Amino acid sequence: MRKRLSNLQKTLADGEALACLTAYDASQAYWAAQSGVDVLLVGDSLGMVVQGHSTTLPVSLDNMVYHTQLVQRGNAQAQHPAYCIADLPFMSDATIESALQAAGRLMKEGGANMVKLEGAQRVVPIIRALAQLGVPVCGHLGLLPQSVEKHGYKVQGKDAVSAQALFDAALALQEAGADMLVLECVPAGLAQKITAALSIPVIGIGSGVHTSGQVLVLHDILGVTLGKAPKFSKNFMFGQGSIQAAIGAYVAQVKARTFPDSSHLVAE
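Take the sequence shown: its position 4, counting from 1, is numbered 4 in full-length UniProt numbering, and each next residue is one higher.
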């Protein structure tokens, strides 16, 4: 049965954290869903982990549509398919019109259940326009990989002014109609405060354990990262006999809220 947003909301209402993981092809999606992952993210991170680029910027909309198609084919064959989110790639949301077109392709051609876009106040009118058309939207605050050339890979919200700006932006995105929010590399205390203030699920990555769930890059949890894995990640293949077991261990630790622990915090 196809998983819907209401299923995720029920999982949270039952007191269970959401386990999210990236996937880029059919077999990855199938085994992630079979192993209990709630949400699959077809991330523009594919530019780095699949295509070998140094950033996510070269990823095209055609790339994202293609990989979303692959993921949803594999996901559909799982006993309990996961919810599928697809990223709007760099510059595809430069205008409201281009964002609507990109989201339409990711959902109609790719089969995504939800689209994700990066940014704070800039994306409020875009989220509002998407929501008015019935498109489920996930926001993304904190470290923004698509803005790496301007801001670098840095923890966000460490001082009072930037923390308040992130908090205000999270509220603004929810008010505009966002159905979910990703917080990347945000101090754990701030992530906990934002999660408590919002009624939508907040998925953390490098932002502590007190969010609605966690997301990591599949290649990072399997120990096959190109280069050095992020500090906030963990090699779940260690001590496991199969990829399925490693994914299952990740899901179990997210559900038990034992991952991330203090050793995987990027800032306080």
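Yeah, the Cβ is synthetic: ideal placement off N, Cα and C, and Gly gets one too.
Owing to the predicted nature of the structure, the values given are computational and were not obtained by experimental measurement.
Item                                                                                                                              : Value
Residues of its chain near HIS53, where Cβ-Cβ distance is below 6 Å and the 5 sequence neighbours each way are ignored            : GLY47
Length of the line joining the Cα atoms of ALA29 and ARG122                                                                       : 32 Å
C-alpha gap between MET175 and THR258, whole angstroms                                                                            : Per the sequence presented here, residue 175 reads as Glu, with Met not at that position. Rounded to the nearest angstrom, the two C-alpha atoms are 31 Å apart.
LEU8, DSSP secondary structure in three states                                                                                    : helix
Separation of SER262 from PHE232, as counted between CA atoms                                                                     : 10 Å
Counted within 10 angstroms of its Cβ, other Cβ atoms place LEU171 as buried (16 or more) or exposed                              : exposed
Bridge partner(s) assigned by DSSP for ALA86                                                                                      : VAL42, VAL115
LEU133 classed as buried or exposed, judged by whether at least 16 other C-beta atoms fall within 10 angstroms                    : exposed
Of the listed residues HIS80, THR55, PHE238, VAL115, nearest to GLY227 (C-alpha basis)                                            : THR55
Buried or exposed (CB count within 10 angstroms, at least 16 for buried), GLU97                                                   : exposed
With 16 other Cβ atoms within 10 Å as the buried cut-off, status of HIS67                                                         : buried
In DSSP terms, what GLY213 is bridged to                                                                                          : LEU18, ILE203
Residues that GLY139 bridges to, as DSSP identifies them                                                                          : LEU117, LEU181
Buried versus exposed call for PHE238 [16 or more other C-beta atoms within 10 Å across all chains shown]                         : exposed
C-beta contact flag for LEU173 and VAL115 at 8 Å                                                                                  : no
Residue from VAL215, ASN235, VAL59 whose Cα sits closest to the Cα of HIS140                                                      : VAL215
DSSP state of GLU109 mapped onto helix, strand, coil                                                                              : coil
The region 246-253 / the region 57-71 touching (three or more Cβ pairs under 8 Å)                                                 : no
ALA129: first and last residue of the uninterrupted alpha helix (DSSP H) it sits in                                               : 124-132
Chain-order list of residues whose beta-carbon lies under 7 Å from that of PRO136 (same chain, five-residue window excluded)      : LEU5, ASN113, MET114, ASP179
Pair within 8 Å by beta-carbon distance, GLY74 and ALA19                                                                          : no
Helix, strand or coil at SER98 according to DSSP, with G and I counted as helix                                                   : helix
C-beta contact flag for residue 272 and VAL37 at 8 Å                                                                              : In the structure as shown, the chain starts at 1 and stops at 268, and residue 272 therefore has no counterpart that could be examined.
ALA17 vs LYS234 beta-carbon contact at 8 Å                                                                                        : no
Contacts around ALA169, its chain only, beta-carbon distance under 7 Å, and the 5 residues preceding and following it disregarded : ALA120, GLN121, LEU141
Outcome for MET91 when other beta-carbon atoms lying within 10 angstroms are tallied against a minimum of 16                      : exposed
Beta-carbon proximity of GLY177 to ILE127, cut-off 8 Å                                                                            : yes
Distance CB(VAL155)-CB(ASP87) smaller than 8 Å                                                                                    : no
Limits of the alpha helix (DSSP H) - the one that GLN240 falls within                                                             : Taken as a continuous stretch (DSSP letters only), GLN240 belongs to no alpha helix (DSSP H), as it is neither H nor E.
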